[in-house]
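One structure below.
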Amino acid sequence: MPPRMRCLTGSIPKNPPSRRLLAPRSRRVQFFTPDMLETVHEIAIYIHRFHNLDLFQQGWYQIKISARWEDGSLESCGTPSRVIQYEAPNIVSDDIFAVWRIDDADHSFFTHPFKIKYARQDVPLSIMVSFNFATGKYERPASSAAILKFELMYAPMFENGNEIQASIEMFPTAVHEFRIPPKALHGLHSYCPVHFDAFHAVLVDLSVHIVFLKSGTSIQEKVSSTSLMVENIADEYYGSNQILGQGWSPKAIEIVKSLFVSREILMEEIRNLSKAIGQKIDDLHNADLNLGKFEFIGSSLRTDLSTANTGISGSSMGVGHLAGMLQNILEKSNGTVNFENDVMLYSLSKEELLDVYFTMGNQLSFLWNTFLNFHRINRIAILEHLHGVWAMDRKAEWSIWMVHSKIEVPHRYLKSGADDSSHHNALGKVVGVRKSNDEPAQGATTRAELHRRSIAQMKINSHSIQDMYIFGDPSHVPVVLVEQHVIDLPNNSSLHSPDPNDAAIPTGLGKNVVPKFSLGPKRNCRVLRAVVFVHGFQGHHLDLRLVRNQWLLIDPGAECLMSEANEEKTTGDFREMGRRLALEVVAFLRKKMDKLSRYGGCKVTKLSFVGHSIGNIIIRSALTESVMGPFLKHLYTYMSISGPHLGYWYSSNSLFNSGLWLLKKLKGAQCINQLTSTDDPDLQNTFFYKLCKICSDDNII
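This note's numbering applies: residue 5 is where the sequence shown begins, and numbers increase by one.
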């Protein structure tokens with residue numbers, strides 16, 4: 005009777021069938037050696053907030069993020085591996101709940117949609133997304149750069165309501181890309197602002213954190229399902245007596261060295277962040293981060309690190325310095341493996357090398373998870389610290405496109421106050437020591453072109469995130485020529501014989517003049533940074549809108565005043581225009597100070613001016629008003645854009661001279677008479693002469 009029928013009839017055999025034992029050969033565990041060691045580059049992007057500076061259109065926006073290899077021959081791309089929402093997003097309406105999403109088609113990440121209604125609007129995002137770049141089979145650590153692409157998506161609002169419909173597809177309006185060089189893929193922690201373009205002026209505060217991790221191993225054959233499972237994968241390889249394959253040894257050594265460098269960078273950065281923000285990491289106190297019996301290998305590699313970093317103290321060592329040491333450990337200048345530093349690793353057996361791989365990989369995973377937990381608790385403080393480091397690094401990086409020079413002004417051209425008869429003829433003629441046949445514009449163009457050629461031969465720093473607006477085509481980046489005019493006095497040896505080396509060094513380059521960056525509420529800062537923008541002749545108060553947006557990218561907490569006091573009133577007397585501007589500025593400052601007084605008062609006030617064309621003369625006139633007296637000690641920065649500070653004494657352009665004549669005769673513009681110093685027959689009674697005697701920029705720093 006079949007067994008199934010016996011169960012139905014209740015017939016149960018008296019003796020159960022005997023269990024057949026497996027043959028001794030089938031009980032043996034099958035061990036397979038790894039053909040390669042799999043690793044992964046993880047790029048974690050923390051998006052803190054979206055700050056609308058000056059978007060032209062209201063509507064729904066969201067940010068799309070994708071990552072890819074720069075080398076187009078590599079088919080793989082960055083895949084979102086984890087998403088951490090630190091704070092719940094705000095509910096934008098009763099019918100829709102904002103959520104982030106991942107597009108499996110192109111492996112991109114979308115933040116939740118948010119509604120923009122007004123300028124200077126803050127949208128907190130507080131989300132971290134990680135992209136994984138697998139190194140691929142039979143490949144060494146990444147030799148190609150990675151590209152991070154940020155897209156600003158937009159959808160209009162409906163007239164019958166503010167709700168966004170699921171059927172409405174958002175389309176991209178602006179793109180901002182960043183390049184991560186191959187060496188930076190071993191470890192990097194940096195602030196990275198995203199601002200798209202001039203027509204979509206926003207500021208996305210985010211930070212990028214990169215680590216090189218162990219992901220697993222690969223073998224040629226699959227283990228039979230009848231074989232027993234072993235929990236500890238390392239024990240598989242240690243218990244095997246088989247000889248490992250010979251093809252992957254150089255690659256394995258390079259992977260182990262890369263893991264060690266990533267481990268050292270991550271440990272150093274965790275220590276620096278903990279010290280910078282004053283927070284201890286308890287998880288690291290009892291952690292055993294030694295390499296055990298292979299500690300001598302770590303000591304050898306650390307010696308290479310310290311040798312490459314001679315002259316740099318440990319306290320000042322940052323991620324950029326550590327990343328720079330990779331050249332002595334990972335590769336030579338020609339890209340080949342440096343075998344001189346590999347003696348210790350090549351002396352190991354392949355089983356021992358595998359042990360080092362797992363030990364470093366496990367420690368890296370522990371350190372990375374510790375950092376993520378530390379970042380979750382102190383994300384704002386970490387972002388503020390990274391912003392300060394970023395500001396100083398960019399100051400040095402952007403100086404590549406700045407050419408500093410000194411021009412000696414002979415003392416014989418300086419006229420005393422008593423020699424007024426010849427002062428009229430000397431004004432505006434001598435700006436430096438130049439030959440009579442020198443053309444300033446042509447000379448500047450030639451110098452800029454020569455400097456661009458030298459930039460093309462430079463090896464740009466490959467250890468930090470590179471903004472593709474600049475590094476996409478460095479030859480098209482504008483070159484800024486900075487001239488420092490030095491008075492040549494016979495009795496002053498320091499000015500008479502300037503150091504030629506000082507010409508290439510900007511004044512105060514080593515000083516931290518970057519404004520304090522804060523992501524907290526403005527009431528906690530107690531620092532009023534006011535910036536006044538003044539338009540030019542027959543201008544509009546929004547003429548300097550783009551300049552304001554660029555200013556806010558550097559200092560998002562600045563309070564901006566777009567002056568409207570002289571709009572459609574720029575043909576009158578400069579004294580009256582200056583008085584109106586002074587009253588407008590004083591009212592603006594008092595309003596802001598009264599607002600800060602609710603939270604303990606204003607601790608520091610910094611007043612800056614930006615003027616265009618005759619707006620600069622209006623600013624200088626306003627500074628002479630008595631109502632501005634209490635605020636002169638707070639003057640901070642003055643930016644002049646095409647300002648006629650010496651008036652219009654002479655111009656070889658007949659069309660320009662004809663326009664001035666028409667404005668004086670037909671329009672009766674008093675300001676034109678003052679600009680040409682024809683407002684009074686006596687030069688000493690002209691507006692510009694008195695302005696130069698009264699107004700001083702001693703309080704501007």
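A virtual CB, placed ideally from N, CA and C, is assigned to each residue, including glycine.
Is residue i helix, strand or coil when you go by DSSP?
| i | result |
| --- | --- |
| Val103 | coil |
| Asp209 | strand |
| Trp405 | helix |
| Ala400 | helix |
| Leu152 | strand |
| Val260 | helix |
| Lys515 | Bear in mind that the predicted position of Lys515 carries a pLDDT of just 45, short of 50, making it too unreliable to give a figure here. |
| Gly436 | Summary for Gly436: the model assigns pLDDT 40, below 50, so the residue's position carries little reliability; its value from the coordinates is reported in the next sentence. Coil. |
| Ser219 | strand |
| His545 | coil |
| Ala291 | coil |
| Ile469 | coil |
| Asn553 | helix |
| Glu487 | strand |
| Glu42 | strand |
| Leu687 | helix |
| Ile623 | helix |
| Glu629 | coil |
| Val481 | coil |
| Ser134 | strand |
| Ala92 | coil |
| Leu650 | coil |
| Lys607 | coil |
| Ala48 | strand |
Starting from residue i, trace the beta strand (DSSP E) in both directions and tell me its first and last residue.
| i | result |
| --- | --- |
| Val360 | Careful: Val360 lies outside any beta strand (DSSP E), inside the alpha helix (DSSP H) at Lys354 to Ile381. |
| Thr641 | Leu639 to Ile645 |
| Ser658 | It is not in any beta strand (DSSP E) - Ser658 instead sits in the alpha helix (DSSP H) that spans Ser658 to Leu666. |
| Leu532 | Val531 to Val538 |
| Phe113 | Ser112 to Phe114 |
So does residue i have its beta carbon nearer than 7 Å to some heavy atom of the ligand ADP?
| i | result |
| --- | --- |
| His544 | This structure lacks the ligand ADP; in fact it carries no ligand of any kind. |
What is the C-beta distance between residue i and residue j, in whole angstroms, given that I count them as a contact (C-beta under 8 Å)?
| i | j | result |
| --- | --- | --- |
| Arg183 | Ile214 | Rounded, the Cβ-Cβ distance is 13 Å, inconsistent with contact. |
| Ala205 | Asp58 | 4 Å |
| Arg380 | Tyr90 | 6 Å |
| Arg124 | Phe114 | Actually they do not touch by this definition, with Cβ atoms about 24 Å apart. |
| Ser262 | His190 | 6 Å |
| Leu217 | Glu46 | 6 Å |
| Ala721 | Ser612 | This structure leaves residue 721 out entirely; the chain is present only between 5 and 705. |
| Lys668 | Asn657 | Their Cβ separation, rounded to whole angstroms, is 16 Å, which puts Lys668 and Asn657 out of contact at 8 Å. |
| Leu357 | Val260 | 7 Å |
| Glu588 | His544 | Not confirmed; about 15 Å, so no contact. |
| Trp394 | Val481 | 19 Å between Cβ atoms; not a contact. |
If you follow the alpha helix (DSSP H) that residue i is in, where does it begin and where does it stop?
| i | result |
| --- | --- |
| Phe182 | Not the alpha helix (DSSP H): Phe182 falls in the beta strand (DSSP E), residues Phe175 to Ile184. |
| Cys696 | Phe691 to Ile698 |
| Gly561 | Here Gly561 belongs to no alpha helix (DSSP H), and DSSP marks it neither H nor E. |
| Ile88 | Ile88 -> not in any alpha helix (DSSP H); beta strand (DSSP E) instead, spanning Thr83 to Gln89. |
| Leu585 | Phe578 to Ser601 |
| Ser458 | Pro444 to Ala460 |
| Phe475 | Met472 to Phe475 |
| Gln674 | Gln674 to Leu679 |
On the DSSP bridge assignment, give the partners of residue i in chain order.
| i | result |
| --- | --- |
| Trp64 | Lys119 and Ala159 |
| Phe54 | Val127 and Val208 |
| Ser194 | Val212 |
| His616 | Ile645 |
| Met271 | Met271 is not bridged to any residue. |
| Asp201 | His204 |
| Ser70 | Lys153 |
| Glu568 | DSSP lists no partner for Glu568. |
| Leu59 | His204 |
| Val411 | With the sequence shown as reference, residue 411 is identified as Ile, and Val is not the correct amino acid for it. Paired residues: His489. |
Between the region 573 to 584 and the region 637 to 647, do three or more beta carbon pairs fall short of 8 Å? Contact fails: fewer than three Cβ-Cβ distances are below 8 Å.
Three-pair Cβ contact test at 8 Å for the region 79 to 86 versus the region 125 to 137: Verdict: yes, contact present.
Should the region 623 to 637 be regarded as contacting the region 548 to 563, the criterion being three or more beta carbon pairs within less than 8 Å? Verdict: no, contact absent.
Taking three-plus beta-carbon pairs below 8 Å as touching, is the region 537 to 547 in contact with the region 609 to 617? Yes, they touch.
Validate contact between the region 646 to 654 and the region 620 to 629 using beta carbons, cut 8 Å, 3 pairs: Yes: the two stretches touch, three or more of their Cβ pairs being nearer than 8 Å.
Inspect the CB distances between the region 282 to 297 and the region 58 to 74 and report whether three or more fall short of 8 Å. They do not touch, by the three-pair rule.
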